[in-house]
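Worksheet for the structure shown next.
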Amino acid sequence: MVRIILLGLLLGLAPLAGAGATAQEPDKNPPAAEAPQSQDARLDRLEKPLYTPFIERYMLDELKQLRVDMAAQRSELIQQIVDRELKSVDRGVAYATDAVTYFFYLIAGAISILVLVGWSSIRDMKERVHSLADEEISKLVHAYEERLHSIEVQLNQKARHIEENREEIELTQEVQALWLRAGQDGNPSHKIAIYDQLLKLRPDDCEALSYKADSVLELGEPQWAANLCHQALVIDPDNSHAFYQLACAYTALNQFDDAVRYLSEALRRTDSYREEMAKDPALAALADYAPFQKLLHA
């Protein structure tokens, strides 16, 4: 259980780390007030690597072990259910046998009493007893058939749920690996290829569309980036990152009014973009634009 919790934390933080690395790329440019000597001194004081390659291997091993554990758990669950079903059937058969036996004992006693008192229609009574016994046995068999069918349906549903969970785990594993690659790769063209793979796995991934628009904008394709952001907003109309990237794209297209309008939409949903707006090179063309300054200092 501790292993699963740790793995969930790693999986939950991985896309945030990749997303943060991509979304905060404009902040990598040092402020004008900071001297180059301070950066060199900071690099000299670095005592450990910024990235450990064994983390990805550890996550893959943990996911593999999780799949093995789930397969074993599935087998154990099926075995327990089958054993319980067999016990239920055994109890039902024993109950039916005992009921029929006691019923015949009762009939035998009644016939003996009737013989003693001189009853002459023993044949009619025997036929009636047989018909009643057949009816009772048929009812019992029908009831247990319905119960067995219900158990079979439940087993099929649980097996289907287990299979769906296994497929979802495999998909999540592949998606997390792609997000890690996108966060580590600094080439915009390579990132676009990785985001395309993510969109093949999850076509409605709004984050993949918005981050792909960011990489496309780095390649100098603002119209393409704007189209991607519009697709993302169709999926999630309240995605602030898509609004921000759309504003950057319209800034590159020199459509400053639309850029300011989309920036205001992004700020209305996430106010933390205000600091990033002042430093983002993609918005440098808006520095002397009065509506942008008014929005920035609002």
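The opening position of the sequence shown corresponds to residue 5 in our numbering, with each subsequent residue numbered one higher. We put the beta carbon where it would ideally sit given N, CA and C, even for glycine.
Going by other Cβ atoms of all chains shown within 10 Å of its Cβ, with 16 needed for buried, is residue i buried or exposed?
| i | result |
| --- | --- |
| residue 190 | exposed |
| residue 214 | buried |
| residue 264 | buried |
| residue 284 | buried |
| residue 366 | Residue coverage of the chain in this structure runs from 5 to 302, which leaves residue 366 outside it and unanswerable. |
| residue 219 | buried |
| residue 246 | buried |
| residue 237 | buried |
Return the chain-ordered list of same chain residues with a C-beta closer than 8 Å to the C-beta of residue i, the five sequence neighbours on each side being excluded.
| i | result |
| --- | --- |
| residue 286 | 30, 221, 252, 255, 256 |
| residue 152 | 89, 93 |
| residue 60 | 181, 184 |
| residue 169 | 74 |
| residue 278 | 271, 300 |
| residue 268 | 299 |
| residue 139 | none |
| residue 235 | 213 |
| residue 230 | 217, 250, 253, 254, 257 |
Confirm, please, whether the CB-CB distance from residue j to residue i is below 8 Å.
| i | j | result |
| --- | --- | --- |
| residue 81 | residue 173 | no |
| residue 167 | residue 205 | no |
| residue 217 | residue 244 | no |
| residue 209 | residue 202 | yes |
| residue 249 | residue 233 | yes |
| residue 111 | residue 133 | yes |
| residue 104 | residue 137 | yes |
| residue 144 | residue 114 | no |
| residue 273 | residue 242 | yes |
Starting from residue i, trace the alpha helix (DSSP H) both ways and give me its first and last residue.
| i | result |
| --- | --- |
| residue 277 | 277-283 |
| residue 211 | 210-222 |
| residue 231 | 226-239 |
| residue 255 | 244-256 |
| residue 194 | 192-205 |
| residue 290 | Note, residue 290: premise wrong, no alpha helix (DSSP H); not H, not E. |
| residue 286 | Taken as a continuous stretch (DSSP letters only), residue 286 belongs to no alpha helix (DSSP H), as it is neither H nor E. |
| residue 272 | 260-273 |
Below 7 Å CB to CB, which residues in the same chain sit around residue i once its five sequence neighbours on both sides are set aside?
| i | result |
| --- | --- |
| residue 291 | none |
| residue 281 | 267, 287, 300 |
Looking only at its chain, what residues have a beta carbon closer than 6 Å to the beta carbon of residue i, apart from the 5 residues adjacent to it on each side?
| i | result |
| --- | --- |
| residue 223 | 192 |
| residue 211 | none |
| residue 262 | 254 |
| residue 28 | Only weak support exists for where residue 28 lies, its pLDDT of 39 falling under 50; the value from the coordinates is given anyway. Nothing listed; no residue qualifies. |
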